[in-house]
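Chains as they are written, first to last, in UniProt numbering: chain G, 1 to 207; chain Y, 1 to 207; chain Z, 1 to 207. We treat Cβ as the ideally placed atom computed from N, Cα and C, and that holds for glycine.
What follows is the structure, given as structure tokens:
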């Protein structure tokens, strides 16, 4: 129940970030809605397609749709409110990141029993939507160069597998995963910690 | 039979728009062909992957392939003819839009029984290929900011579900959906009606 | 056994090209890793999703992952070595291209019995990862306008089907396909042979 609330909150916050990106690009209502939908559901769709879990749950559940439409309307009509709420939004985004990573990784492990793909798809669930958002709005995906974002989701994806594999209680594992991922993310925002970019030593490189 | 003809015509016209975009970018024959294929089949592939209907029908049917190759050759060798045919091409494109929306939405409903995903995938069938075309040629998807295009496909996707759910005759529903979607699109071209872009009220927005 | 070695070598070289592209864009470690993974596995994932062969084999096999991580570390820490090895790398890339085309086309034929989709997916296996790499790093896919790359993979994909359809020995077919595709590619690099770009005759074109 609490988990489900976090899921919907995460969907809402992710959709809000997509809607904001679309509005900044001057999209019309439909464009803003598509970017919001793709940001909120894109990671989960990637995960579900790779698992053969069709149709993707993100497209069939009315609660997600309500959360997304709510985010779009809020993004359009309450721009000043959203500006004032920037900090809480970032915290909720961190919470959503933790949830999607933990949930995605656990779902992948239940369906495949393969640790490697579970971590990859946990991370993809959490950050895939943001990648799609950036590509649709004509930017290089921000998670590739800014802030500890994807790395936090990888840690969360790995922790949850301790529970999926019954090494510790699944309930403890999922809550620990969400907590640790969210915590890493918030710390990295607060202290503006980035992974360093890879230094390019040579002027010309092979294709 | 008539429906099937519309399907192939729509595929042809979509492929032509992809081929034109690739030619304008200076692609070679292969590049032009890939963009044409992706534009014509991209939406249907998205729909079929989300429905678990593999392999996607757009990649296995020889008639689509002939239509796509025909469009590529016409795009390359008859550029002046295509310029003179711009208006009829837009009408055929509107017809294809209506068909893909109606067919995609109906197929999704038959396979899932879920209204929400049927409308989403009807719309994706109709406009997904154009999005892929724009991303492959390095542009922000035009449907997000110009003209009533996707909105028309959503209306068509919704109308066809009245028939899928047996509220009205499925035959009437599918023809109404195609007609209404095509009509909305042609009217919006003729009178140059756009959805308004969302106004950005504040200079800085949260990520 | 030898085929499997070529597979892992191809994965490694493709990952290296992805890692190099990510490093040039100033991505952090995670970004470089994702681009390497997407380049190495992107084509195979497209193929497997279209075939309904989930989860995609590229995401579950530890050997690929080791090859990818190795390529990322080499890309980051041995940039000068990689520069000196540019020519051998191009040859190995050509070999990987041939293998992925032949293997992808054969797998598609075994699962569908359809020649058209087998050639398309053989080509997609071979060049899809490179397309994803270019989109993730904000470039127009290079295979659309430069060098005989995809065309070589189409020839390889077609040759292997002679064996898949039992017209010739499958073993001979797969080795011929790899050899011919690799040979075409190396010749085109050596003599800098490109497909000509399509000439744009008219200043304005229909959308």
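| Item | Value |
| --- | --- |
| Residues from the region 89-112 of chain G in contact with chain Y, defined by Cβ distance under 7 angstroms | 89 |
| DSSP three-state assignment for residue 170(Z), whether helix, strand or coil | helix |
| Length of the line joining the Cα atoms of residue 103(G) and residue 14(G) | 16 angstroms |
| Any C-beta of chain Y under 8 angstroms from that of residue 54(G) | yes |
| Counterpart residues of residue 28(Z) in DSSP-defined beta bridges | 197(G) |
| For residue 112(Z) and residue 55(Y), believed in contact at Cβ under 8 angstroms, the rounded distance | 5 angstroms |
| Cα-Cα separation between residue 166(Z) and residue 60(Y), rounded to whole angstroms | 20 angstroms |
| Residue 198(Y) versus residue 129(G) - alpha carbon distance | 22 angstroms |
| Through-space distance from residue 16(G) to residue 139(G), alpha-carbon basis | 17 angstroms |
| DSSP state of residue 153(Z) mapped onto helix, strand, coil | helix |
| Endpoints, alpha helix (DSSP H) assigned at residue 137(Y) | Looking at the DSSP string, residue 137(Y) is not in any alpha helix (DSSP H), and its letter there is neither H nor E. |
| Identity of the residue in 45(Y), 22(Y), 96(Y) and 41(Y) nearest residue 5(Y) by Cα | 96(Y) |
| Expected contact under 8 angstroms - CB spacing of residue 108(G) and residue 51(G) to nearest Å | 6 angstroms |
| Any chain G beta carbon closer than 8 angstroms to residue 11(Z) | no |
| Residue-level contact to chain Z via CB, residue 207(Y), 8 angstroms cutoff | Low per-residue confidence applies at residue 207(Y): pLDDT is 43, beneath 50, and the placement is therefore not dependable, though the value from the model is reported in the following sentence. So no, residue 207(Y) is outside the interface. |
| Nearest candidate by alpha-carbon position, reference residue 10(G), set 2(G), 99(G) and 33(G) | 99(G) |
| Buried or exposed by the 16-neighbour rule on C-beta atoms within 10 Å, applied to residue 194(G) | exposed |
| The ligand SAM heavy atom lying under 7 angstroms from the CB of residue 1(Z) | Judged by which ligands are present, the structure shown has none, so any question about the ligand SAM falls away. |
| Where residue 140(Y) meets chain Z, residues with beta-carbon distance less than 8 angstroms | Correct list: empty, because the minimum Cβ distance to chain Z is about 12 angstroms. |
| Alpha helix (DSSP H) runs wholly inside the UniProt domain "Glycine transporter" (6-79) of chain G, at least 4 long, in chain order | 29-51, 57-60 and 62-77 |
| The region 27-34 of chain Z in contact with the region 34-46 of chain Y per 3-pair CB rule at 8 angstroms | no |
| Pair within 8 angstroms by beta-carbon distance, residue 49(G) and residue 118(G) | no |
| Rounded separation between residue 114(Z) and residue 120(Z) - CA only | 10 angstroms |
| Short-range partners of chain G found in the region 124-137 of chain Y, where Cβ spacing is below 7 angstroms | 135 |
| Within chain G, the residues that residue 49(Y) reaches when beta carbons sit closer than 7 angstroms | 49 |
| Own chain, CB closer than 7 angstroms to residue 79(Z), minus 5 neighbours either side, in chain order | none |
| For residue 1(Y), three-class secondary structure by DSSP | coil |
| Neighbour-count burial assignment, residue 84(Z), 16 or more Cβ in a 10 Å radius | exposed |
| Contacts around residue 76(G), its chain only, beta-carbon distance under 8 angstroms, and the 5 residues preceding and following it disregarded | 19, 23, 29 and 32 |
| Same chain only: Cβ atoms within 6 angstroms of residue 176(G), ignoring 5 sequence neighbours per side | 159 |
| Members of the region 166-187 of chain G near chain Y, C-beta cut-off 9 angstroms | none |
| Start-to-end residues for the alpha helix (DSSP H) that takes in residue 104(Y) | 86-112 |
| DSSP-derived helix/strand/coil call for residue 240(Z) | Past the boundaries of the shown model lies residue 240(Z); chain Z is included only from 1 to 207, so the question cannot be answered. |
| For residue 132(G) and residue 145(G), the rounded distance between their alpha carbons | 15 angstroms |
| Beta-carbon gap between residue 65(G) and residue 116(Y) smaller than 8 angstroms | yes |
| As assigned by DSSP and simplified to three states, the class of residue 158(Z) | helix |
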